[in-house]
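J.:
2 protein chains.
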Amino acid sequence: MSENAGRWLRDEIENAILSNELGPGTRLDETALANRFGVSRTPVREALMQLGAIGLIEIRPRRSAVVVDLPPRRVYEMFEVMAELEGMAGSLAARRLDSDSREAIATAHDRCERSAGAGDSDAYYYDNEEFHKAIYAASRSDYLAEQCAQLHQRLRPYRRLQLRVRNRLSTSFSEHCAIVDVIFAGDGEAARKLLQAHVGVQGERFSDLVASMAAR
Amino acid sequence: MSENAGRWLRDEIENAILSNELGPGTRLDETALANRFGVSRTPVREALMQLGAIGLIEIRPRRSAVVVDLPPRRVYEMFEVMAELEGMAGSLAARRLDSDSREAIATAHDRCERSAGAGDSDAYYYDNEEFHKAIYAASRSDYLAEQCAQLHQRLRPYRRLQLRVRNRLSTSFSEHCAIVDVIFAGDGEAARKLLQAHVGVQGERFSDLVASMAAR
DNA sequence: CACAATAATATTGTATACATAAGCTCGATT
DNA sequence: AATCGAGCTTATGTATACAATATTATTGTG
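Note that the protein sequences, when read in sequence, are chains A and B.
Under full-length UniProt numbering, the first sequence has 96 at position 96, and the numbering climbs by one with no breaks.
Under full-length UniProt numbering, the second sequence has 122 at position 122, and the numbering climbs by one with no breaks.
#1: Exposed or buried, which one is alanine 185 of chain B when buried takes at least 16 other CB atoms within 10 Å?
#2: With a cut-off of 8 Å, does the C-beta of isoleucine 17 of chain B fall near any C-beta of chain A?
#3: In angstroms with no decimal places, state the Cα-to-Cα distance between glycine 87 of chain B and arginine 159 of chain A.
#4: Is it true that the stretch 129 to 140 of chain B meets the stretch 100 to 109 of chain B, where meeting means three or more beta-carbon pairs spaced less than 8 Å apart?
#5: Can you give me the start and stop residues for the alpha helix (DSSP H) that alanine 108 of chain A sits inside?
#6: Just to confirm, are glutamate 30 of chain B and valine 44 of chain B a CB contact at a threshold of 8 Å?
#7: How is the beta strand (DSSP E) around alanine 145 of chain B delimited, first residue to last?
#8: On the CB-based measure, 16 or more other CB atoms within 10 Å of its CB, does glutamate 21 of chain A come out buried or exposed?
#9: What do you reckon, are the CB atoms on valine 67 of chain B and glycine 25 of chain B nearer than 8 Å?
#10: Hey, is glutamate 14 of chain A's beta-carbon within less than 8 Å of any beta-carbon in chain B?
#11: Within the same chain, show all residues whose beta-carbon is closer than 8 Å to that of leucine 155 of chain A, passing over the 5 residues directly before and after it, in chain order.
#12: Starting from alanine 47 of chain B, trace the alpha helix (DSSP H) in both directions and tell me its first and last residue.
#13: Would you please verify whether the beta carbon of glutamine 50 of chain B is less than 8 Å from any beta carbon of chain A?
#14: Can you tell which of B/Val182, B/Gly188 and B/Thr171 has the C-alpha that lies nearest to the C-alpha of valine 199 of chain B?
#15: Using a Cβ-Cβ cut-off of less than 7 Å, list which residues of the stretch 143 to 158 of chain A approach chain B; keep chain order.
#16: Contact between the stretch 89 to 97 of chain B and the stretch 185 to 195 of chain B: three or more CB pairs below 8 Å?
#17: Take the Cβ of glycine 23 of chain B as the centre, count every other Cβ of all protein chains shown within 10 Å, and call the residue buried at 16 or more, exposed below.
#18: Run through DSSP, which three-state label would isoleucine 57 of chain A get?
#19: Would you please verify whether the beta carbon of asparagine 4 of chain B is less than 8 Å from any beta carbon of chain A?
#20: In the DSSP assignment, find the beta strand (DSSP E) that holds alanine 65 of chain B and state where it starts and stops.
#21: Which chain A residues are close to methionine 88 of chain B, counting only those with a beta carbon under 7 Å from its beta carbon?
#22: Taking beta-carbon pairs under 7 Å, can you tell me which members of the stretch 54 to 82 of chain A lie near chain B?
#23: Rounded to whole angstroms, what is the Cα-Cα separation between isoleucine 13 of chain B and glycine 117 of chain B?
#24: Pull up the distance between the alpha-carbon of proline 71 of chain A and that of glutamate 84 of chain B, whole angstroms please.
#25: Can you find a C-beta in chain B that's less than 8 Å from the C-beta of serine 141 of chain A?
#26: What are the residues that DSSP puts in a beta bridge with glutamine 28 of chain A?
#27: Does arginine 10 of chain B pass the burial test, meaning 16 or more other C-beta atoms within 10 Å, or should it be called exposed?
#28: Looking only at its chain, what residues have a beta carbon closer than 6 Å to the beta carbon of glutamine 50 of chain B, apart from the 5 residues adjacent to it on each side?
#29: Nearest to arginine 18 of chain A by alpha carbon, out of A/Gly188, A/Gln196 and A/His152?
#30: In chain order, what residues of the same chain lie with their CB nearer than 6 Å to the CB of glycine 52 of chain A, ignoring the 5 residues before and after it?
#31: Check this for me: beta carbons of aspartate 127 of chain A and cysteine 112 of chain A, under 8 Å apart or not?
#32: Could you pull out every residue in the same chain whose Cβ sits closer than 8 Å to the Cβ of glutamate 175 of chain A, ignoring the five residues on either side in sequence?
#33: Below 8 Å on C-beta distance, what does glutamate 46 of chain A contact in chain B?
#34: Return the CA-CA distance between aspartate 142 of chain B and arginine 96 of chain B, expressed in angstroms with no decimal places.
#35: Could you work out which residue in B/Gly6, B/Gly55 and B/Ile54 is closest to proline 61 of chain A when comparing CA atoms only?
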């Protein structure tokens, strides 16, 4: 239980939200949560305050907290910023690459190749995450890496929908190949452009996203 | 009192930290804070949980919360990301500018000119903030604008130090002039470059920053 | 005089109680 | 039939009590 009910609850509830078990708009009844997790309302409230502070839930005074429902426009804006930060991370990674980071990226890339080849969407989903984290780390900017990882996590539910799109898996992997090439070649600007395009919700990919959100 | 002690306390303590009244490393004794603000420990704890969630304080289980002390390297990384996001906002603003945003930017720019001309550092500090906010808003991306404003606020203590540097005030304003020109001309890439350079801690400006931090 | 072990103290983590505001039911009125 | 309102029910906001742990002080020993 992490020896700390508040922190543990924050993680539990956060996971429940990110895994869509507690979908957007769900009311978060403090007493119900307290019963569900076998604690009093005090640590539940502390967990909720934390989730409210990071924007995962909305805390309305005297009324229940609810899971935030991001409007499509805002999700789009978040992807836009994500693309910019990923591009930045790629650019820095290309310029600052050392042998350790190079190896970490290569390893993650190989794993992606295997799961993409096997057509294993779930495995690829995980390996893809590791691949991107390897690039964040290679940027040598801890703050940037944290911001990227945070946004990545926040957008997880929407990204998962995207992967379902036909051929997205092999398309994604071939984009990875090009990204690895330019990073290993030390070409920061190329890495920035490719990563921006990789993440970006432009053209048809954006309409796919909007369509999958509307279908929900 | 905002009719909500927890929220009110969060703002109070946040201000106390950002204004350096509660400097880095300060222990935050719950009982002491409760007495100081005339409430019980419960809302104090809720405020602390929120500030912990946004990274302003560090919450160490069973030990007091402390105001985080950002290492110079991390401050530098935050400025780096800030520069990227400001550049992005400028780029979008130039491409999406409408007459309302144009007017808001022009107004803020005029105010900066007045305070810079008067050599009023405090007034310029405020007007500068409004100028940048006008650009964020002109980007038409609410999420980006929020992220920029948040980072801007978080870096406030360090930025304030920077403004003290000799000639920074007039230098800053002449940079504003160039920025306004290219945004009004609709040149997104130029706006991105100029804003990145304006915010960025490159060359001598970076050493100024490190020096002022070390002097603390 | 320094240092380690132990006792005393202070602080945090959680539960519970109670006051207060929001929401809801049901009846009355237009 | 629909709408408004009074009273009731439920949930939230805050205070307080108590248990558990960290910190400080004290005492004894080398």
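Backbone N, C-alpha and C define an ideal beta-carbon position, used for all residues, glycine too.
T.: In short:
#1: exposed
#2: no
#3: 26 Å
#4: yes
#5: 99 to 117
#6: yes
#7: Segment 142 to 154 is the alpha helix (DSSP H) holding alanine 145 of chain B; no beta strand (DSSP E) there.
#8: exposed
#9: yes
#10: no
#11: Val75, Met78, Phe79 and Met82
#12: 41 to 53
#13: yes
#14: B/Thr171
#15: Tyr143, Leu144 and Gln147
#16: yes
#17: exposed
#18: strand
#19: yes
#20: 65 to 67
#21: Glu84
#22: Ile54, Pro61, Arg74, Glu77, Met78, Glu80 and Val81
#23: 35 Å
#24: 25 Å
#25: yes
#26: Strictly speaking, residue 28 of chain A in this sequence is leucine, with glutamine absent from that position. Paired residues: A/Ala65.
#27: buried
#28: Arg10
#29: Checking the sequence, you will find leucine at residue 18 of chain A rather than arginine. For the residues A/Gly188, A/Gln196 and A/His152, the minimum Cα distance to leucine 18 of chain A belongs to A/His152.
#30: Ile59
#31: yes
#32: Leu194, Ala197 and His198
#33: Arg45, Glu46 and Met49
#34: 13 Å
#35: B/Gly6
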